[in-house]
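Numbering-wise, the sequence shown is residues 1 to 175 according to UniProt numbering.
We put the beta carbon where it would ideally sit given N, CA and C, even for glycine.
All of these numbers come straight from a predicted model, not from anything done at the bench.
Contents: one structure, followed by commentary.
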Amino acid sequence: MIQQVQNTCQLHRLPGDDANRHIDTFLEITQHMKQNGVSDDALRLSLFPYSLTHHAIAWYDRLPRNSIHSFDDMVRKFLSKYFPPSMVTKLRNEIMKFEQKPYESLFEAWESYKLSIDRCPNHNMLLVRQIDAFYNGLTLSHWDNINAVAEGTFMQKTSEECYELIENITAHHNH
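Spelled out as structure tokens, the structure:
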């Protein structure tokens with residue numbers, strides 16, 4: 001089990017590492033691991049340190065003894081260290097200030113925008129604000145394209161309809 005965790009999901013704390021994705025991957029890997037008489041929570045707590053390396057393991061080693069009582073406690077402490085509120089604010093601002101690059105297709109812009117949302121799972125932004133930020137960050141030609149497909153003014157639709165419309169457009173025009 002330890003080797004599987006070490007081979008599949010190690011957090012190095014390099015610039016590209018994503019703490020939320022690390023937790024998701026760790027949970028995916030450990031969801032099928034079972035040991036007789038050991039709860040899932042206890043198993044995850046015992047395996048989690050093996051998913052860390054370098055600075056992250058040093059952080060873990062400095063945690064006060066008996067300060068973690070559940071895997072949820074571990075996740076909270078881990079994310080407060082490696083995904084602090086300042087990071088949430090920075091990523092939320094990137095989402096809200098989205099701007100399509102001149103050379104990007106609508107498909108590329110939409111995929112890039114969705115990735116920025118995925119990098120900040122606790123952004124707490126309503127779908128209507130997400131759609132508004134994306135739409136307002138598009139180039140004029142893509143604005144016109146979306147409005148034409150929407151048979152009128154795109155932003156007069158519900159946020160769910162807007163999302164589906166963009167998904168449908170980009171699914172069929174991914175170049």
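Legend entry - Proximity to residue 149 [Cα-Cα], best of 80, 25, 168 and 127: Within the sequence shown, the letter at position 149 stands for residue 149. Nearest of 80, 25, 168 and 127 to residue 149, Cα basis: 168.
Inset, instruction - Starting from residue 35, follow its DSSP beta bridges and name the residues at the other end. - result: Taking the sequence shown and counting its residues from 1, the one referred to as residue 35 is at position 35. 38.
Legend entry - CA-to-CA distance, residue 38 to residue 29, given in whole angstroms: Position 29 of the sequence shown, counted from the first residue, corresponds to residue 29. Position 38 of the sequence shown, counted from the first residue, corresponds to residue 38. For residue 29 and residue 38, the distance between alpha carbons rounds to 17 Å.
Inset, instruction - With a cut-off of 8 Å on the beta carbons, I'd call residue 133 and residue 166 a contact; round off their distance for me. - result: Here residue 133 refers to the residue found at position 133 of the sequence shown. Here residue 166 refers to the residue found at position 166 of the sequence shown. Residue 133 to residue 166, Cβ: 12 Å. No contact.
Legend entry - Element boundaries [alpha helix (DSSP H), containing residue 26]: Numbered from 1 along the sequence shown, position 26 holds the residue referred to as residue 26. Counting along the chain, the alpha helix (DSSP H) containing residue 26 begins and ends at 19-30.
Legend entry - residue 131: first and last residue of the uninterrupted alpha helix (DSSP H) it sits in: Locating residue 131 in the sequence shown gives position 131, where the first residue counts as 1. 127-136 is the span of the alpha helix (DSSP H), which, as asked, contains residue 131.
Legend entry - First and last residue of the uninterrupted alpha helix (DSSP H) at residue 163: On the sequence shown, residue 163 is found 163 positions in, with the first residue counted as 1. It spans 159-172 - the alpha helix (DSSP H) in which residue 163 sits, taken as one unbroken run.
Inset, instruction - Using a threshold of 8 Å, state whether the C-beta atoms of residue 55 and residue 92 are closer than that. - result: On the sequence shown, position 55 is the one that residue 55 refers to. On the sequence shown, position 92 is the one that residue 92 refers to. Taking 8 Å as the Cβ cut-off, residue 55 and residue 92 do not qualify as a contacting pair.
Legend entry - Other residues of its chain near residue 83: CB distance less than 7 Å, five sequence neighbours each side excluded: One-based indexing of the sequence shown puts residue 83 at position 83. Result list for residue 83: 19 and 20, in chain order.
Legend entry - Residues near residue 70 by beta carbon distance below 7 Å, same chain, minus five either side: Within the sequence shown, residue 70 is the residue found at index 70, counting from 1. Counting only Cβ-Cβ distances below 7 Å, and skipping sequence neighbours, we find 41.
Inset, instruction - Identify, in the order they occur along the chain, each residue of the same chain with its Cβ nearer than 7 Å to the Cβ of residue 163, setting aside the five sequence neighbours on each side. - result: On the sequence shown, residue 163 is found 163 positions in, with the first residue counted as 1. Result list for residue 163: 127 and 131, in chain order.
Legend entry - Coarse secondary structure for residue 123, derived from DSSP in three states: Residue numbering aside, residue 123 sits at position 123 when the sequence shown is read from its first letter. The answer is coil: DSSP assigns residue 123 none of H, G, I, E or B.
Legend entry - Neighbour-count burial assignment, residue 35, 16 or more Cβ in a 10 Å radius: Indexing the sequence shown from 1 puts residue 35 at position 35. Under this definition residue 35 is an exposed residue.
Legend entry - Cβ contact check for the stretch 135-151 and the stretch 106-126: 3 or more pairs under 8 Å: yes
Legend entry - Same chain, Cβ closer than 6 Å to residue 60, neighbours up to 5 away in sequence not counted: Here residue 60 refers to the residue found at position 60 of the sequence shown. Result list for residue 60: 49 and 52, in chain order.
Legend entry - Where residue 138 falls, given that 16 or more other Cβ within 10 Å makes a residue buried: One-based indexing of the sequence shown puts residue 138 at position 138. Burial call: buried.
Legend entry - residue 85 in three-state terms, based on DSSP: As a position in the sequence shown, residue 85 is number 85, starting the count at 1. Three-state result, residue 85: helix.
Legend entry - Residue from 89, 114 and 90 with nearest C-alpha to residue 100: By 1-based counting over the sequence shown, the position of residue 100 is 100. Nearest option by C-alpha distance: 114.
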